[in-house]
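What follows is one structure encoded as C-alpha cells, with my remarks underneath.
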Amino acid sequence: MVATTSPRPPASRDVRLVARRPLQGPYLLLTFRHPEVAGRTRAGQFVMIKANTAADPLLRRPFSIMSVHPAEDTFTLFLKVVGSGTRALADLRSGETAGCLGPLGRPFPMPPEDHEALLVAGGYGIAPFVLFGDELRRAGRRARAFYGGRTSGDLQGHDPFTALGLPLACCTDDGSFGHHGRVTDAVEAYLDTRPGAVTLYACGPDAMLHAAARLAERRNVPAQVSLDPWMGCGVGTCLGCVVRIQRADEPRGKYRCACTEGPVFDARDVVWAGEGSSRARREAAAVLR
Amino acid sequence: MSLAVQLAGLRLKNPLIAASGTFGYGVEYEGILDLSRLGGIVSKGLYLEPRDGCAVPRIVETPSGLLNAIGLQGVGIRAFVRDVLPRLDGYDTAVIVNVCGDTVEEYAEVARIAEAPGVDALEINISCPNVKKGGMAFGGDPRMTHEVVAAVRKATRLPVIPKLSPNVADVTVFARVCEEAGADALSCINTLLGLAVDVERRMPRLAFGTGGLSGPAIRPVAVRMAWQAARAVRIPVIGIGGIASAEDALEFLIAGCRAVQIGTAKFVDPGVYSRILAGLEDYLRRHGRESINDVVGSLRFPDAEETGGGGC
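Put into C-alpha cells, the structure is as follows:
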C-alpha cells in the first residue's frame, strides 16, 4: 500500500518554545507554539521534532503529544532525556525554536460506548494518555489509568494525569510508590474485580506492551497498543519504522509503517518477535480443532 | 536569473531532485511540501512484484549519518503505474522511476512497464547495498553493469540514468561502462556500505547486518566521486550524498554535476528544498551569474604559484 497523508496533512514549522518546566530527574515538560498541532491533534498522535539544525544528532525524534492548548496555539511534550536528541531538546531555552512536523499518525480509536477504557502506561508512555483521558472525559466515557515505572521518580506524569480527575493506580518495580509490582499485574487484579466491559490501551516499553497484549488475549479483552520503533521521516517514505502486522484477512503479516498506519495498532494484529500475532495463533488453533 | 537545467533530454525547472528511497512515491509528501517546486522526483525502487524488504531494525543513526537496510520494500512497478502515476499528473515536476531487478531480464521488463505516460526518465538501481541479488552485485561488476544498462537501454526510449555505487575502487570505470552501454546521465552516488555494532549484544545494530550510510557524514566522499565521474564521461552527472543546504548543493554543481538529489536531509526538514532554492538564487545574485549552468563544473584547482609551490 502507498501511504498517503490525510485530507488534513501535517504541517512542518519552526516552533518556538514558550514554556519549559523541569520535573524530577531526567523528565521535563516542553510547550511549543504550533497552530496545526494545537488545533487538530487527537490523542495518540505525535510530532517529529529536533532542537536545532546541527548535523549531529541528525534526525528529528517522534514524541507523543501530551496535551494541546488550542486557545494559545500550543502543545506540550513530556520528555525524558535519554540521549543526545532529547538532551538538545531539554537544553532549549524559552524563545528558541525547534523544527517540528505534525500532527502525525493514527490516534487511539474511541472505545465502544459501554466500555470502560483502561489506560496502561509505562514510564514516559503516560504522555498520550493525558490527552486521551481528557478526550474520554469530555466524551462522557469511563476511564482509569495504570501507571508503572521502575521507581517513584519515574512516575513524573502523575500530576498532569490526576489533574483530569480520573482514577490512577501507580505501580513501581521497587515498591517505592504505589503497588509493588508490574503495571500489567495491577490491570489483571482490576479485571479480577469483574468491572464489566473494558477496552485496554497501552503505551510504554516493548516488554510492557507485549505483556499487555498477552493479558488482553488471555482475558479476551480488546486492546490497542502504541508502538515506538526507531523512526526516520514520520510520513511513510523511509520505511525505517515498519512493524509486522497481520490483519484478519491476511495469511501472513505485512510490514506496515508505524508512522502512518500506527503508531496505534490493534494488539491482536501485532506480530511480536519470535511469536506471531495472537490472531494467527487463534486461527491456527481453530483449524486444528 | 535561471535555475533551469537540461539533463538527459529533460528540462528541469531547477537542479533539485528528490532522491530514491527517501521520497516514497511522491504522493506521501502531498500537502507537506509543494511537489511542483521540485525539479524532479525519483520513486522508491520498483521491481516487477511487491517486495517485503528487510527485517527490523532497519535504520540506525550514526554520527551525522543514517545507516539503513530497508531492502527495497515496495509496491511493484504495476501498482505504481496504476495507482500512483495518475496522482502525480497534476504536478509540474519530472517523474523518474527507479528500476530494480533480481535479473537482467527483470530490469528490462520493469523498464518496459515503466514507460508509461507521465514517466520522464528511468534511474537504474545497480547500487543498493541491502539486497542479496541485483543491486550492488551488478553495480560492482563492470561486465554486469554493462549488461544491465544495455538491456534497459534496449527496452525503453526514455532517458536512462544508472545510479552508481560508491563501494568500488574506481568509479570512473563504471561511469565509462555506463556511457558506452547507452546511458543518458549518471546518478552518483548511492549509500556507502557500513556496519554499526551493538557492543552490549555483540551483534549488528541492523537486522540485515550491514547497511547503507547516508547523510552529511558521506558528503566529501560523494563530492569526490561525483567529480571523478563527471570528468570521466561526456554525459551529465547528478550528484547525491549528504546535501542539506545550498552550499552543499553548490559543492556538487561546482565539481561538475548538472543537478543534485536530496534525500536524508528531507527527513530532518521537509522544507529543505525551498531553503536550498532560495540559497542558490542568493548565490547567483552574489556572484553576478545569470544561470545556474554558469556554475556547473567551475571548480578550479590552485596552481603551484598560488599554493607557494612544492605541492605535497
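Read top to bottom, the protein sequences are chains A and B. Under my numbering, the first residue of the first sequence is numbered 2, with each subsequent residue one higher. Under my numbering, the first residue of the second sequence is numbered -3, with each subsequent residue one higher. Glycine is no exception: its CB is placed at the ideal position from the N, C-alpha and C atoms.
Residues in the same chain with beta-carbon distance under 7 Å from residue 178 of chain A, minus the five sequence neighbours each way, listed in chain order, please. The count along the first sequence starts at 1 and reaches residue 178 of chain A at position 177. Closer than 7 Å at Cβ, skipping near neighbours: 153, 156, 171.
Have a look at residue 109 of chain B and residue 76 of chain B and give me their C-alpha separation to the nearest angstrom. Walking along the second sequence from the start, residue 109 of chain B turns up at place 113. Walking along the second sequence from the start, residue 76 of chain B turns up at place 80. Looking at the two C-alpha atoms, the distance is approximately 10 Å.
Report the option in A:184, A:58, A:125 whose CA atom is closest to the CA atom of residue 212 of chain A. For this step, residue 212 of chain A is matched to residue 211 along the first sequence. Of A:184, A:58, A:125, the residue nearest in Cα terms is A:184.
For residue 283 of chain B, count neighbouring Cβ atoms within 10 angstroms of its own Cβ and tell me buried if that reaches 16, exposed if not. Here residue 283 of chain B refers to the residue found at position 287 when the second sequence is read from its first residue. Residue 283 of chain B is exposed by the Cβ-count criterion.
According to DSSP, what are the bridge partners of residue 81 of chain A? Along the first sequence, read from residue 1 onward, the residue named residue 81 of chain A stands at position 80. Residue 81 of chain A is bridged to A:28.
C-alpha distance - residue 273 of chain B paired with residue 36 of chain B, whole-angstrom precision: As a position in the second sequence, residue 273 of chain B is number 277, starting the count at 1. As a position in the second sequence, residue 36 of chain B is number 40, starting the count at 1. Between residue 273 of chain B and residue 36 of chain B, the C-alpha separation is close to 13 Å.
Quick one: using the 10 Å Cβ neighbour count with 16 as the cut-off for buried, is residue 199 of chain B buried or exposed? Position 203 of the second sequence, counted from the first residue, corresponds to residue 199 of chain B. Taking a 10 Å sphere around the C-beta of residue 199 of chain B, we find fewer than 16 other C-beta atoms and assign the residue as exposed.
Within 7 Å of any Cβ in chain A, is that where the Cβ of residue 236 of chain B sits? Looking up residue 236 of chain B in the second sequence gives position 240. Against chain A, the CB of residue 236 of chain B has no partner CB under 7 Å away; the residue lies outside that interface.
For the segment 105 to 161 of chain B, list the alpha helix (DSSP H) runs that are entirely contained and at least 4 residues long, ordered along the chain. Those alpha helix (DSSP H) runs which fall completely within the segment 105 to 161 of chain B and span 4+ residues are 132 to 135, 138 to 151.
Test item: CB-CB of residue 225 of chain A and residue 109 of chain A under 7 Å: Sequence index remark: in the first sequence, residue 225 of chain A carries index 224 (1-based). Sequence index remark: in the first sequence, residue 109 of chain A carries index 108 (1-based). Annotated as proximal: residue 225 of chain A and residue 109 of chain A, with beta-carbon spacing under 7 Å.
What does residue 66 of chain B touch in chain A if you count any residue whose Cβ is under 8 Å from its own? In the second sequence, residue 66 of chain B corresponds to position 70, counting from 1. Contact of residue 66 of chain B with chain A by beta-carbon distance below 8 Å involves 239, 240, 241.
Less than 7 Å between the C-beta atoms of residue 256 of chain B and residue 263 of chain B, yes or no? The residue labelled residue 256 of chain B in the question sits at position 260 within the second sequence. The residue labelled residue 263 of chain B in the question sits at position 267 within the second sequence. No, these two residues do not count as a Cβ contact at 7 Å.
Beta-carbon proximity list for residue 304 of chain B, same chain, < 8 Å, skipping 5 on both sides: Working through the second sequence from its first residue, we reach residue 304 of chain B at position 308. Result list for residue 304 of chain B: empty, nothing under 8 Å.
Distance check for residue 201 of chain B and residue 195 of chain B, CA to CA, integer angstroms please. Position 199 of the second sequence, counting from 1, holds the residue named residue 195 of chain B. Position 205 of the second sequence, counting from 1, holds the residue named residue 201 of chain B. Rounded to the nearest angstrom, the gap between the Cα atoms of residue 195 of chain B and residue 201 of chain B is 9 Å.
Buried or exposed: where does residue 160 of chain A fall if 16 or more other Cβ atoms within 10 Å of its Cβ makes it buried? Working through the first sequence from its first residue, we reach residue 160 of chain A at position 159. Under a 10 Å Cβ-count criterion, residue 160 of chain A is classified as exposed, with fewer than 16 other Cβ atoms of the shown protein chains found around its own Cβ.
Helix, strand or coil at residue 65 of chain A according to DSSP, with G and I counted as helix: Taking the first residue of the first sequence as position 1, residue 65 of chain A is located at position 64. If DSSP states are grouped into helix, strand and coil, residue 65 of chain A belongs with the strands.
Relative to the C-alpha of residue 120 of chain B, which residue among B:107, B:73, B:21, B:78 is closest? Taking the first residue of the second sequence as position 1, residue 120 of chain B is located at position 124. The shortest C-alpha separation from residue 120 of chain B is found at B:107.
Distance check for residue 215 of chain A and residue 77 of chain A, CA to CA, integer angstroms please. Numbered from its first residue, the first sequence carries residue 77 of chain A at position 76. Numbered from its first residue, the first sequence carries residue 215 of chain A at position 214. Pairing residue 77 of chain A with residue 215 of chain A, the inter-Cα distance amounts to about 32 Å.
Residue 224 of chain B - containing alpha helix (DSSP H), residue span: In the second sequence, residue 224 of chain B corresponds to position 228, counting from 1. Counting along the chain, the alpha helix (DSSP H) containing residue 224 of chain B begins and ends at 215 to 228.
If you measure beta-carbon to beta-carbon, which residues of the segment 249 to 276 of chain B are closer than 8 Å to chain A? For the segment 249 to 276 of chain B, residues whose beta-carbon sits nearer than 8 Å to a beta-carbon of chain A comprise 260, 262, 263, 264, 265, 266, 267.
Beta-carbon proximity list for residue 316 of chain B, same chain, < 8 Å, skipping 5 on both sides: Chain B is shown only over -3 to 308; residue 316 of chain B falls outside these bounds and no answer can be derived.
How would you list, in chain order, the residues of chain A whose beta-carbon sits under 9 Å from the beta-carbon of residue 28 of chain B? In the second sequence, residue 28 of chain B corresponds to position 32, counting from 1. Ordered by position in chain A, the residues that pass the 9 Å Cβ test against residue 28 of chain B are 6, 10, 11, 12, 13, 102, 236.
CB contact check: residue 59 of chain A to chain B, cutoff 7 Å: As a position in the first sequence, residue 59 of chain A is number 58, starting the count at 1. Interface residue, yes.
Where do the ends of the beta strand (DSSP E) carrying residue 92 of chain B lie? Position 96 of the second sequence, counted from the start, is the residue given in the question as residue 92 of chain B. Residue 92 of chain B -> beta strand (DSSP E) spans 90 to 95.
Pairwise C-alpha distance: residue 173 of chain A and residue 217 of chain B: Locating residue 217 of chain B in the second sequence gives position 221, counting from the first residue. Locating residue 173 of chain A in the first sequence gives position 172, counting from the first residue. Approximately 50 Å, taken between the alpha carbons.
Assign residue 139 of chain A to one of two classes, buried (16 or more other C-beta atoms within 10 Å of its C-beta) or exposed (fewer than that). Locating residue 139 of chain A in the first sequence gives position 138, counting from the first residue. Classification for residue 139 of chain A: exposed.
Per DSSP, residue 165 of chain A is paired with what? To locate residue 165 of chain A, count along the first sequence from 1; it is residue 164. The secondary-structure analysis by DSSP pairs residue 165 of chain A with nothing; it has no beta-bridge partner.
Taking the DSSP output, what are the residues bridged to residue 255 of chain A? As a first step, residue 255 of chain A must be located in the first sequence, where it is residue number 254. Bridge pairing for residue 255 of chain A: A:246 [DSSP].
What are the partner residues of residue 101 of chain A, as DSSP defines its beta bridges? As a working note, residue 101 of chain A is residue 100 in the first sequence. The partner list for residue 101 of chain A (beta bridge, DSSP) reads A:14, A:50.
What's the gap between the Cα of residue 97 of chain A and the Cα of residue 35 of chain A? One-based indexing of the first sequence puts residue 97 of chain A at position 96. One-based indexing of the first sequence puts residue 35 of chain A at position 34. C-alpha separation (whole angstroms): 13 Å.
Using 10 angstroms around the beta-carbon of residue 193 of chain B, count the other beta-carbons present and answer buried if the total reaches 16, otherwise exposed. Working through the second sequence from its first residue, we reach residue 193 of chain B at position 197. Residue 193 of chain B is exposed by the Cβ-count criterion.
At a Cβ cut of 8 Å, what residues of the segment 0 to 31 of chain B count as close to chain A, listed as they run along the chain? Within the segment 0 to 31 of chain B, those residues whose Cβ lies closer than 8 Å to any Cβ of chain A are, in chain order, 17, 18, 19, 20, 21, 23, 24, 25, 26, 27, 28, 29.
Quick check: what's the CA-CA separation for residue 266 of chain A versus residue 227 of chain A? In the first sequence, the residue the question calls residue 266 of chain A occupies position 265. In the first sequence, the residue the question calls residue 227 of chain A occupies position 226. Each residue's alpha carbon lies about 6 Å from the other.
Per DSSP, what kind of secondary structure is residue 184 of chain A in: helix, strand or coil? Along the first sequence, one-based indexing puts residue 184 of chain A at 183. Collapsing the DSSP output to three states places residue 184 of chain A in a helix.
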